[in-house]
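One structure is given below, encoded as structure tokens.
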Amino acid sequence: MTDELHPDENAYDHARIEAHWAPIWDELQPFTVDDPADTKPRKYVLDMFPYPSGDLHMGHAEQYALGDIVARYWRQQGFTVLHPIGWDSFGLPAENAAIKRGADPRQWTYDNIAQQKASMKRYAASFDWTRVLHTSDPEYYRWNQWLFLKMYEKGLAYRKDSWVNWDPVDQTVLANEQVLPDGTSERSGAVVVKKKLTQWYFKITDYADRLLDDLNQLEGSWPAKVLTMQRNWIGRSTGADVDFVIEGHHSPVTVFTTRPDTLFGATFMVVAPDSDLAAELAAGSTPEVRMAFQAYLEEAQKKSEIDRQDTSREKTGVFLDRWAINPVTGERIPVWAADYVLADYGHGAIMAVPAHDQRDLDFAIAYDLPVRVVVDTNAPVTGAIPVITPEMLASGDPGTAGAAPLDPVATGEALTGDGRMINSGPLDGLSKQHAITRAIELLEERGTGRASKTYRLRDWLISRQRYWGTPIPIMYDEQGAEVPVPMDALPIELPNAEGIDMKPKGTSPLGGVEDWVATTTPDGRPARRDTDTMDTFVDSSWYFLRFLNPTDDTKAFDPAMAEKWAPVDQYVGGVEHAILHLLYARFITKVLFDLGYVSFTEPFSALLNQGMVVLNGAKMSKSKGNIVTFTEGVDSYGVDAVRLTMAFAGPPEDDIDWADVSPTGSQKFLARAWRLSGEVTAPVGADPSTGDVALRRVTHRFLAEVPGLMESFKFNVAVARTMELVNVIRKAIDSGPGAADPAVREAVEVVAVALSIFAPYTAEDMWVRLGHGGDTSSDLIAFAGWRKADPLLLVEESVTAIVQVDGKVRDKLQVSPLIGGDELEALARASEAVQRAIGDRPIAQVIVRAPRVVNIATQK
Numbered sequence: 001m002t003d004e005l006h007p008d009e010n011a012y013d014h015a016r017i018e019a020h021w022a023p024i025w026d027e028l029q030p031f032t033v034d035d036p037a038d039t040k041p042r043k044y045v046l047d048m049f050p051y052p053s054g055d056l057h058m059g060h061a062e063q064y065a066l067g068d069i070v071a072r073y074w075r076q077q078g079f080t081v082l083h084p085i086g087w088d089s090f091g092l093p094a095e096n097a098a099i100k101r102g103a104d105p106r107q108w109t110y111d112n113i114a115q116q117k118a119s120m121k122r123y124a125a126s127f128d129w130t131r132v133l134h135t136s137d138p139e140y141y142r143w144n145q146w147l148f149l150k151m152y153e154k155g156l157a158y159r160k161d162s163w164v165n166w167d168p169v170d171q172t173v174l175a176n177e178q179v180l181p182d183g184t185s186e187r188s189g190a191v192v193v194k195k196k197l198t199q200w201y202f203k204i205t206d207y208a209d210r211l212l213d214d215l216n217q218l219e220g221s222w223p224a225k226v227l228t229m230q231r232n233w234i235g236r237s238t239g240a241d242v243d244f245v246i247e248g249h250h251s252p253v254t255v256f257t258t259r260p261d262t263l264f265g266a267t268f269m270v271v272a273p274d275s276d277l278a279a280e281l282a283a284g285s286t287p288e289v290r291m292a293f294q295a296y297l298e299e300a301q302k303k304s305e306i307d308r309q310d311t312s313r314e315k316t317g318v319f320l321d322r323w324a325i326n327p328v329t330g331e332r333i334p335v336w337a338a339d340y341v342l343a344d345y346g347h348g349a350i351m352a353v354p355a356h357d358q359r360d361l362d363f364a365i366a367y368d369l370p371v372r373v374v375v376d377t378n379a380p381v382t383g384a385i386p387v388i389t390p391e392m393l394a395s396g397d398p399g400t401a402g403a404a405p406l407d408p409v410a411t412g413e414a415l416t417g418d419g420r421m422i423n424s425g426p427l428d429g430l431s432k433q434h435a436i437t438r439a440i441e442l443l444e445e446r447g448t449g450r451a452s453k454t455y456r457l458r459d460w461l462i463s464r465q466r467y468w469g470t471p472i473p474i475m476y477d478e479q480g481a482e483v484p485v486p487m488d489a490l491p492i493e494l495p496n497a498e499g500i501d502m503k504p505k506g507t508s509p510l511g512g513v514e515d516w517v518a519t520t521t522p523d524g525r526p527a528r529r530d531t532d533t534m535d536t537f538v539d540s541s542w543y544f545l546r547f548l549n550p551t552d553d554t555k556a557f558d559p560a561m562a563e564k565w566a567p568v569d570q571y572v573g574g575v576e577h578a579i580l581h582l583l584y585a586r587f588i589t590k591v592l593f594d595l596g597y598v599s600f601t602e603p604f605s606a607l608l609n610q611g612m613v614v615l616n617g618a619k620m621s622k623s624k625g626n627i628v629t630f631t632e633g634v635d636s637y638g639v640d641a642v643r644l645t646m647a648f649a650g651p652p653e654d655d656i657d658w659a660d661v662s663p664t665g666s667q668k669f670l671a672r673a674w675r676l677s678g679e680v681t682a683p684v685g686a687d688p689s690t691g692d693v694a695l696r697r698v699t700h701r702f703l704a705e706v707p708g709l710m711e712s713f714k715f716n717v718a719v720a721r722t723m724e725l726v727n728v729i730r731k732a733i734d735s736g737p738g739a740a741d742p743a744v745r746e747a748v749e750v751v752a753v754a755l756s757i758f759a760p761y762t763a764e765d766m767w768v769r770l771g772h773g774g775d776t777s778s779d780l781i782a783f784a785g786w787r788k789a790d791p792l793l794l795v796e797e798s799v800t801a802i803v804q805v806d807g808k809v810r811d812k813l814q815v816s817p818l819i820g821g822d823e824l825e826a827l828a829r830a831s832e833a834v835q836r837a838i839g840d841r842p843i844a845q846v847i848v849r850a851p852r853v854v855n856i857a858t859q860k
């Protein structure tokens, strides 16, 4: 390792340096974590693992630079760092690519993994290459199946018929989280439609409160934006479940409402047309109603949820010729099916209070339904509750200075503000919050309702009608009963892809593989396998634990290793995973906690999101012809210049426009820093305390400041400080104490260690040129250690004290930063310039702020 590296020691050649060090690192595997006797403090740093869709791109170059910077920094701080890598290798892109090319998705996937792995090694990412995993390996997905069965045993995995999000292009179902705000699929871009299927779900809603409340644990260590997105997605609402009797229906229908105080204003009921309740009610009605309902349902199914929730859209519906009983007024109210109500909100039915909800009002006006005002929004909501008289109620004016409540039908606008209750019997005169509390009490007293909560979050639909995923470990006997696959029969492996028609057709390609589908139950009865595969987010929901012992064929992960390393100390990845992946990983962690496998409830203690890498303001895309490939970038500028550019471009969470940054500038800086290492002539081990004090002060201020910058993710500022130190060293060599000064050696070694975090090839080369290095991993600069700043060198030798007389600066004194107030005042009075400014005027007041200011005021 210490052989001559360069024929011309003054020529910085990134290609030659990379070619020298890459095979050495590959042989040494310096970042392997496997020493049970290691007693150093530990850090678990994890990058969101990539999908193998091809070679790395510039987005990867940013993400893996940032994650590696964090890992390398903590090693320099004396930690043993676990920094593994793997591939999220199941999923639709591989299957679609295989269909397009007529290839096996397995071959396409593993070829891409090999390409990405080679690029990552070239990129000097400090991974523990002994812990690599691929989620498409049976050795991995066996444990997905184990997890499924554990959840099945606890009632957290279940199968039901329901309306699902259907991607008509990829011919598979999507979880709610995989449907974009505009109603399209995040995968194919197709408009998502509704389809009724029997599917497998994970009961994530059982954990809704914990998923929401535990976000408080992550305040300050996760980006505020991500916490807000998760809170909004879970979407907890508090209110009441209200039981409405529907004439002729076998049981009461429960409606959730956040405003039980407005029950006296509920004048009709609306059910979602795609709900089971609507189908049941229509089935019990007249043939004409059934026919109208079926036609309406077919039209509703063509609309996306976004369209259905559009408040500006004309309201449509079908009267089901059924009547419900308002549980507080006893009135018969009509029941309608309308597509502005969603089947998976609350219980798929709402009580309509048109005076105080705009969508209900629009519907009531469209179909001439009753509108009753029950909240006087003119009334004050603070102060004493007014006395309500029958006359005031009759006039619609309960103590509001003659201002009658507005007429929503006349204005076309619902009354959505706060106020006092009217037309509401025992609630009259109460403010909103008091009325909600009292309304719930009344419902509970009558047995027609109760306090409740609902959530935007829906159970996680995990079934996918595609081949390239984890087979669901359930079989069905001849009566259709579910039979779990025994644990000792796992993994249920995918059949060979040869001969399987994978073209999307609405059912799983596995269904056509008869010799795979046909099986027997544990007691020998004929059975058929479930032919769906699992959502690939199951794969990534727990992979951070598999990294702890990826080759163990006896367990998914070792709880003792989880206790030692987990949770992840620093997670790095894109904000696009703020809801899907992070929410699912949090859920599965809580499940594993409840099952007794881990002792923590949050998987990732801290989260760093990186921005996107764009070109001229636009997202890079092959179709747009504006892509800069990873290979192109590192070939042109060198690995270290690309890494340094990514760190220096700005805060990590900001987007990087490749057109605005300067990898050429990074390359020139690295060459300047590298040349310093060849100019130092002070011997290795020379005592820096004998060197230039001014240079040492700059070096030790750098040592003191950079850790705080790194730990607050101000990587760009840390790089800027390194550049400043290089400039100071250059001056010290050229016009200061010279290259033989031990302080110069100290400063250059500090620069090398700092650069090892950002630019490892250059730093390693500098380290050897400085006379260090050897033949083992511990000799590498990655483990040199961050030097402690000398506190004595952080104290300024002198500071400038300003002396003012009557508000004007009269002198500047160089004083010790430790000077006392009396001493500073004496020095100021003794100044000739100050004495001249005072003259013979008596001093009225002296204010001293040691060590910086003395202010003298004279009598006029």
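Counting in full-length UniProt numbering, the sequence shown runs from 1 upward without gaps. The C-beta atom is built at its ideal place from N, Cα and C for all residues, glycine as well.
- The segment 228 to 235 and the segment 609 to 629 do not touch, with fewer than 3 CB-CB distances between them shorter than 8 Å.
- Burial check for T536: the Cβ neighbour count within 10 Å reaches 16 or more, so the residue is buried.
- Looking from the CA of G821, the closest CA among P260, T39, N855, V809 belongs to N855.
- DSSP places T631 inside the alpha helix (DSSP H), whose first and last residues are 630 to 637.
- In this structure, the straight-line span from the alpha carbon of A585 to that of T135 is close to 15 Å.
- Residue burial is scored here from C-beta neighbours: S798 has fewer than 16 other C-beta atoms within 10 angstroms and is therefore classed as exposed.
- Between D55 and Q116, the C-beta gap is smaller than 8 Å, which places the two residues in contact.
- Residue pairing of A157 in beta bridges, as defined by DSSP: F202.
- For V81, the closest C-alpha among the options D407, G685, Y64, Y44 is that of Y44.
- Within its own chain, no residue has a Cβ closer than 6 Å to the Cβ of L818 once the five positions on either side in sequence are excluded.
- Under the criterion of beta carbons closer than 8 Å, H14 and G638 qualify as touching, at roughly 3 Å.
- Take V628, set aside five residues on each side of it, and the residues of its chain with a beta-carbon closer than 7 Å to its own are M58, L615, M620, W658, in chain order.
- DSSP lists G574 as the beta-bridge partner residues of Q610.
- F604 and L582 have their C-alpha atoms some 9 Å from each other.
- Nearest C-alpha to D344 among L703, D161, W565, R769: D161.
- Look at W786 here: in three-state DSSP terms it is coil, with no helix or strand label.
- Here DSSP, grouped into helix, strand and coil, assigns L824 to helix.
- Here N326 is buried: its Cβ has 16 or more other Cβ atoms, across all protein chains shown, within 10 Å.
- Per DSSP, the unbroken beta strand (DSSP E) holding F244 starts and ends at 237 to 246.
- For Y367, the three-state secondary structure derived from DSSP is helix.
- A distance below 6 Å between beta-carbons, with the five flanking residues on each side excluded, links W21 to the following residues of its chain, in chain order: Y761, E764.
- Taking a contact as a CB-CB distance under 8 Å, the pair L415 and H347 does not count as one, their CB atoms being some 26 Å apart.
- At the C-beta level, L608 and L66 come within 8 Å of one another.
- Within the same chain, Cβ atoms closer than 6 Å to the Cβ of P550 are found at R131, L133, the five residues on either side in sequence being excluded.
- Counting along the chain, R586 sits inside the alpha helix (DSSP H) bounded by residues 580 to 594.
- Three or more beta-carbon pairs separated by less than 8 Å are not found between the segment 320 to 335 and the segment 232 to 241, which leaves the two stretches without contact.
- G265 is a Cβ neighbour of V373, given a cutoff of 8 Å.
- Where E746 is concerned, the enclosing alpha helix (DSSP H) starts and stops at 742 to 758.
- Each residue's CA atom was taken as its position, placing I729 and A850 some 33 Å apart.
- Rounded to whole angstroms, the gap between the alpha carbons of Y141 and D553 is 12 Å.
- E746 is classed as buried because its beta carbon has at least 16 other beta carbons within 10 Å across all chains shown.
- The residue from G78, F49, A497 with its alpha-carbon nearest to that of I113 is F49.
- According to the DSSP assignment, D47 belongs to the beta strand (DSSP E) that extends over 42 to 47.
- A check of alpha carbon separations from N378 across D368, L406, V318, D360 identifies L406 as the nearest.
- Rounded to whole angstroms, the separation of the alpha carbons of D137 and I733 is 56 Å.
- Contiguous alpha helix (DSSP H) elements confined to the segment 457 to 537 occur at 514 to 517, taking only those with 4 or more residues.
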